[in-house]
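Residue numbers (my numbering): 387 to 556. For each residue, glycine too, the CB sits at the ideal point set by N, CA and C.
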Ligand SMILES: [Zn+2]
């Protein structure tokens, strides 16, 4: 099961210390020391039980990362400073601070929505909020730094998390 994503340098260290099994190496990324070059690990397997990421109560930032900083109502990319977290079912109507009720929202949609439900405010959700797995969060965090080889490995080793349907945006 894919658990997380970290840098190839850390992966190399784990393989150098024989703490993991390397399943794939990059063909075009090498690590160099003054005397030697080493292929960079692309996919590794760690034979230990990994504690699962606990995503019980999300932080604001975690909601933005899950949603790739895209407003759930208008589809606009929002910058950190004017991103807000919206309660889909408003707090005043019993909506809770939980993954399934929180979405990233730009400030103008947030103003339109206020304390209303999306229907009352005439807004439509572009994607359904969900509780992400730790690996989905890792994919979102690393998305901008993935190269082609990494994306290919992601398709092979983590097909179910590769571009989750919730990512499909207008
Ligand atoms: Zn918006």
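Do residue j and residue i have their beta-carbon atoms positioned less than 8 angstroms apart in this structure?
i, j, result
"residue 408", "residue 430", "yes"
"residue 474", "residue 489", "yes"
"residue 521", "residue 544", "yes"
"residue 470", "residue 443", "no"
"residue 504", "residue 511", "yes"
"residue 452", "residue 523", "yes"
"residue 515", "residue 485", "yes"
For ligand 1, is there a heavy atom less than 7 angstroms away from the beta-carbon of residue i?
i, result
"residue 462", "yes"
"residue 513", "no"
"residue 491", "yes"
"residue 459", "yes"
"residue 406", "no"
"residue 401", "no"
"residue 494", "yes"
Say the cut is 7 angstroms; is the CB of residue i nearer than that to a heavy atom of ligand 2?
i, result
"residue 393", "Absent from the structure shown: ligand 2. Ligands present: ligand 1."
When the Cα of residue i is compared with those of the options, which residue comes out closest?
i, options, result
"residue 413", "426, 527, 404, 402", "426"
"residue 391", "456, 525, 535, 541", "525"
Item to check | Segments of 3+ residues assigned as beta strand (DSSP E) that fall wholly inside the segment 411-486 | outcome: 423-431, 469-473
Checklist entry - Which runs of the beta strand (DSSP E) fall wholly inside the segment 487-551 and span at least 3 residues, in chain order? => result 488-492
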